[in-house]
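In our numbering, the protein residues as written are 872 to 1121. Working notes, beginning with the structure itself.
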């Protein structure tokens, strides 16, 4: 396994990354909450990009993988800063952003931050605004009290160890919401969503589709696919979606 390189961000965080030089637009993979750049989708897509001679960037947010910090200290805004720092320092020219789960929210935040650089986007079980619409909306009164007194809530996960959700994550998330104001995506967008996803609902995918202002946006619902979206057929669908967006970005 190749050792990662590291980037020091303007905020003083140390971000681990793998950058493959090649033709543009550069494909940037944005992982999900508590995922890292060694995940099946990220590595598979990197190999696919290399086979095409396409530039590709994957990295770990702070508090994830081999980057500095701890997950419990982080929040959506920190990871948005990491993303912007990584693409600014490491990737040249237009970008095709591929966001998985929380990475889908990050992709939308990146498009809001640097719209002129985004040539296209693919989302996989995108989870925009999940701190508010998923976590906060489902918290009991006791959990909301724990946020105030303990500073965090521990939530079980179907896919890994429990999540520690901090008060800072909830409060910061409210300043990053994208489904409550105008959302312009003036480039090709392809959204993939599994019907058996227990972490992100098809309703979320439909809400994003309906809310965004986009001239070329398509949602593909995959019967039986779960949140991982990393089996052979799912990976083939991701490849096809990225290729479609790249063709539209030419």
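Every residue, glycine too, gets a C-beta built ideally from N, C-alpha and C. Every value quoted in this text rests on a predicted model; they were computed, and no experiment measured them.
Could you pull the start and end residues of the alpha helix (DSSP H) that residue i belongs to?
i, result
"residue 1021", "Taken as a continuous stretch (DSSP letters only), residue 1021 belongs to no alpha helix (DSSP H), as it is neither H nor E."
"residue 998", "Where residue 998 is concerned, there is no enclosing alpha helix (DSSP H), given that its DSSP letter is neither H nor E."
"residue 1162", "Since the first residue shown for the chain is 872 and the last is 1121, residue 1162 is missing from the structure and cannot be characterised."
What is the residue span of the beta strand (DSSP E) that residue i lies within?
i, result
"residue 977", "Counting along the chain, residue 977 falls outside any beta strand (DSSP E), though it belongs to the alpha helix (DSSP H) covering 973-984."
"residue 1065", "1060-1065"
"residue 876", "876-879"
"residue 1037", "1034-1037"
What's the call for residue i, buried or exposed, on a 16-neighbour Cβ count within 10 Å?
i, result
"residue 1051", "exposed"
"residue 918", "exposed"
"residue 1095", "exposed"
"residue 902", "buried"
"residue 875", "buried"
"residue 905", "buried"
"residue 1000", "buried"
"residue 1012", "exposed"
"residue 974", "buried"
"residue 1098", "buried"
"residue 881", "exposed"
Per DSSP, what are the beta-bridge partners of residue i in this structure?
i, result
"residue 890", "928"
"residue 1089", "1061"
Compare the beta carbon distance of residue i and residue j with 8 Å and say whether it is the shorter of the two.
i, j, result
"residue 1112", "residue 967", "no"
"residue 937", "residue 887", "yes"
"residue 961", "residue 984", "no"
"residue 896", "residue 940", "no"
"residue 1048", "residue 1082", "no"
"residue 1090", "residue 982", "no"
Checklist line | Stretch-stretch touch, CB-based, cutoff 8 Å, three pairs: the segment 1055-1071 with the segment 1099-1118 | finding: The segment 1055-1071 makes contact with the segment 1099-1118; the number of CB pairs closer than 8 Å reaches 3 or more.
Check: Between the segment 1005-1015 and the segment 965-983, do at least 3 Cβ pairs fall closer than 8 Å?
Finding: Contact between the segment 1005-1015 and the segment 965-983 is absent, because fewer than three Cβ pairs lie under 8 Å.
Next item on the list: Decide if the segment 884-892 is in contact with the segment 916-934; the criterion is three or more beta carbon pairs, one per stretch, under 8 Å apart.
Entry: Touching, yes, given that three or more Cβ pairs across the two stretches are closer than 8 Å.
Margin query: Check whether the segment 1034-1044 and the segment 946-955 touch, using three or more Cβ-Cβ pairs below 8 Å as the test.
Written below: Using a Cβ-Cβ distance cut-off of 8 Å, the segment 1034-1044 and the segment 946-955 are in contact, since at least three pairs of beta carbons, one from each stretch, lie closer than that value.
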